[in-house]
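**Q** According to this note's numbering, numbering within the sequence shown proceeds without interruption in unit steps and concludes at 871. Think of the CB as a built atom: it goes at the ideal place given N, C-alpha and C, for glycine as much as any other residue. Keep in mind it's a predicted model, so treat the numbers as computed, not measured.
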Amino acid sequence: MPQRSARGFTLIELLVVLTILALLLTIAAPRYFHGVDKAKEATLRSDLRNMREAIDQYYGDHARYPDSLDELVQRGYLRRVPADPITGSMETWLILPPPEEVEGQVSDIRSGAEGTGEDGIPYAEW
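(1) Is the Cβ-Cβ distance between V851 and S791 less than 8 Å?
(2) Leaving aside the five residues before and after A799 along the sequence, list all residues of the same chain whose C-beta is less than 6 Å from its C-beta, in chain order.
(3) Alpha carbon to alpha carbon, how far is Y868 from T861? Give it in angstroms, no decimals.
(4) Would you call R855 buried or exposed, if buried means 16 or more other Cβ atoms sit within 10 Å of its Cβ?
(5) What's the call for D815, buried or exposed, on a 16-neighbour Cβ count within 10 Å?
(6) My guess is that G865 and L839 are in contact by the Cβ rule of under 8 Å, so how many angstroms apart are they, rounded?
(7) If you reduce the DSSP assignment to three classes, tell me which class P775 lands in.
(8) Provide the residue span of the alpha helix (DSSP H) that contains L817, from first to last.
(9) Over the uninterrupted beta strand (DSSP E) stretch that includes D853, give me the two end residues.
(10) What separation, rounded to the nearest whole angstrom, lies between the Cα atoms of E848 and M796?
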């Protein structure tokens with residue numbers, strides 16, 4: 746009997762390997778994307794907390810609210826205005842004004858992102 750050289754893989758071997766890879770990806774991909782979403786939500790919560798603290802500090806120091814988020818940066822209360830991690834933009838922040846009897850334009854801030862967080866609360870209500 747002539748000897749056949751064993752070069753390369755058979756079609757069956759390749760199909761088995763591809764099937765195993767596909768199974769592993771179907772398990773790993775949803776966990777990865779869920780982890781990315783959780784990280785974005787954690788970053789959003791942290792950014793909101795930091796900006797709200799800066800607004801409160803500004804109010805405590807000046808007895809008025811800032812007129813814009815950029816004023817917080819200019820006065821050194823924030824290094825920069827962060828981008829909303831859900832939308833990826835600095836332009837989507839929802840700025841809430843103070844009551845009419847208080848000076849300034851920014852008393853609170855919320856995310857302008859659509860959708861809800863993992864806890865079922867819309868991002869705009871955080």
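**A** Straight from the coordinates:
(1) no
(2) Same-chain partners within the cutoff: L817, Y822 and L823.
(3) Their Cα atoms are separated by approximately 5 Å.
(4) buried
(5) exposed
(6) No, G865 and L839 are not in contact; Cβ-Cβ is about 19 Å, not under 8 Å.
(7) helix
(8) Where L817 is concerned, the enclosing alpha helix (DSSP H) starts and stops at L814 to Q819.
(9) D853 to R855
(10) 18 Å
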